[in-house]
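Using our numbering, you'd call the opening residue of the sequence shown number 218 and step up by one each time. What follows is one structure encoded as structure tokens, with my remarks underneath.
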Amino acid sequence: MKPDHIALVIAMNSEAAPLIKTLALEKKADLFPAPLPFELYQGEAAGKRISVIVSGLDREHGVNNVGTQSATLMTYLIIAHLHPDLVINAGTAGGIGEKGCQIGDIYLSESPFCYHDRRIPLPRFDQYGIGSYPSIDTTEMAASLGFKTGRISTGDSLDMTDRDLEMIRSNRAIIKEMEAAAVAWVCRMMDIPMFAVKVITDLIDRQTSTEAQFTANLQLAVNNLRRSILQVIDYL
Ligand code: ADE
């Protein structure tokens, strides 16, 4: 595919800031005026229009609106208002070390995106809860750019219960994060192709807590994420 207009959905300012700076994207205040917290940045790269939407700050807690509820709304708004040809969900993620994930690795999504924390033990609702939403095929892009590929499982917690891990394994996912399935659900509904670019900040099968690993590795990870997104935009 040769998209003219790429929209990036990014949860945290720290994940988006290096990219926004490198591409000198301009902040647009008019499309999502207050009280919506979302921030829109636009510009051009490699001859394409680039729109980046970031979740902004929760008005009570002053932290980024991470997780599936704002990912859903951001994705809907950017598609409905800006009509991009392609949506990319970019951000940090946990990975399973025993499946080969390493801190700082870049992963492109493999189909399908699923959830690991939506348990609805009723006929058909069980599968609805887990979900199954498509990614575009990133195999060639990953091979050409030297990135890994893997299935992504989404949930609304940074940490993890034993049941979450069981579900991640049964989803055959190796990456755990907090937005991709929500973005993919909206894209499927709106018929817009999408994929995810995730950088590994923590290994979920290690003793050290996720939050300690996340904090220690965030800077390295966002630098790698910025570099990889630029490569992806050039490739596309
Ligand atoms: N973002 C970075 N690491 C994560 C993890 N382990 N789970 C969910 N989201 C994450």
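Cβ atoms here follow ideal geometry from the backbone N, Cα and C, with glycine treated the same way. Quantities reported herein were computed from a predicted structural model and do not represent experimental measurements.
Rounded Cβ spacing between C331 and L420 (contact assumed at less than 8 Å): Walking along the sequence shown from the start, residue 331 turns up at place 114. Walking along the sequence shown from the start, residue 420 turns up at place 203. Between L420 and C331 the Cβ distance is about 20 Å, and since that is not below 8 Å, they are no contact.
D334 (DSSP reduced to helix, strand or coil): Numbered from 1 along the sequence shown, position 117 holds the residue referred to as residue 334. The answer is coil: DSSP assigns D334 none of H, G, I, E or B.
Any non-hydrogen atom of the ligand ADE within 7 Å of L375 CB: As a position in the sequence shown, residue 375 is number 158, starting the count at 1. Yes, since a heavy atom of the ligand ADE falls inside the 7 Å radius drawn around the Cβ of L375.
Any non-hydrogen atom of the ligand ADE closer than 7 Å to T418 Cβ: As a working mapping, residue 418 is identified with position 201 in the sequence shown. T418: yes, Cβ under 7 Å from the ligand ADE.
Environment of L242 [buried if 16+ CB atoms lie within 10 Å]: To locate residue 242, count along the sequence shown from 1; it is residue 25. With 16 or more other Cβ atoms within 10 Å, it is buried.
I213 burial status per 10 Å Cβ neighbour count (16 or more: buried): Absent from the model: residue 213. The displayed extent of the chain is 218 to 453, so no value can be given.
N440 burial status per 10 Å Cβ neighbour count (16 or more: buried): The sequence position of residue 440 within the sequence shown is 223, counting from 1. Exposed, since its Cβ has fewer than 16 Cβ neighbours within 10 Å.
Euclidean distance between Cα positions of G372 and E428: Within the sequence shown, numbered from 1, the residue matching residue 372 stands at position 155. Within the sequence shown, numbered from 1, the residue matching residue 428 stands at position 211. Each residue's alpha carbon lies about 15 Å from the other.
Any non-hydrogen atom of the ligand ADE within 7 Å of F249 CB: For the purposes of this step, residue 249 is taken as the residue at position 32 of the sequence shown. F249: no, Cβ never under 7 Å from the ligand ADE.
Cβ pair R335, I320 closer than 8 Å: Against the sequence shown, residue 335 aligns to sequence position 118. Against the sequence shown, residue 320 aligns to sequence position 103. No, Cβ-Cβ distance for R335 and I320 is not below 8 Å.
Whole-angstrom distance between M395 and A360, CA atom to CA atom: Position 143 of the sequence shown, counted from the start, is the residue given in the question as residue 360. Position 178 of the sequence shown, counted from the start, is the residue given in the question as residue 395. One Cα belongs to A360, the other to M395, and the distance between them is close to 25 Å.
Exposure label - H278; buried when at least 16 CB within 10 Å: For the purposes of this step, residue 278 is identified with residue 61 of the sequence shown, where counting begins at 1. Label assigned to H278: exposed.
Sheet register partners of E327 (DSSP bridge): For the purposes of this step, residue 327 is identified with residue 110 of the sequence shown, where counting begins at 1. For E327, which the question treats as bridged, DSSP gives the partners R368.
T292, DSSP secondary structure in three states: Looking up residue 292 in the sequence shown gives position 75. DSSP places T292 in helix when its eight states are reduced to three.
For H222, the three-state DSSP class (helix, strand or coil): Walking along the sequence shown from the start, residue 222 turns up at place 5. In this structure, H222 counts as strand in the three-state DSSP scheme.
Distance cut-off 7 Å: A288 Cβ against heavy atoms of the ligand ADE: Position 71 of the sequence shown, counted from the start, is the residue given in the question as residue 288. Because no heavy atom of the ligand ADE lies under 7 Å away, the Cβ of A288 does not count as near it: no.
Counterpart residues of I270 in DSSP-defined beta bridges: As a working mapping, residue 270 is identified with position 53 in the sequence shown. Note: I270 sits in a beta bridge opposite V226, L257.
Straight-line gap, V269 to I227 (C-alpha atoms, nearest Å): Locating residue 269 in the sequence shown gives position 52, counting from the first residue. Locating residue 227 in the sequence shown gives position 10, counting from the first residue. One C-alpha to the other measures close to 7 Å.
For K365, the nearest candidate out of R276, V449, Q286 (CA to CA): For the purposes of this step, residue 365 is identified with residue 148 of the sequence shown, where counting begins at 1. Looking at the Cα atoms, V449 is the closest of the given residues.
Cα-Cα separation, A262 to I385: In the sequence shown, counting from the first residue as 1, residue 262 sits at position 45. In the sequence shown, counting from the first residue as 1, residue 385 sits at position 168. In a straight line, the C-alpha of A262 is about 35 Å away from that of I385.
Bridge partners - D309, DSSP secondary structure assignment: The residue you call residue 309 lines up with position 92 of the sequence shown. First, the residue type needs correcting, since residue 309 is Thr and not Asp in the sequence shown. Note: T309 sits in a beta bridge opposite V416.
Residue burial classification, F342 (beta-carbon count within 10 angstroms, cutoff 16): Here residue 342 is taken as the residue at index 125 of the sequence shown, counted from 1. Here F342 is exposed: its Cβ has fewer than 16 other Cβ atoms, across all protein chains shown, within 10 Å.
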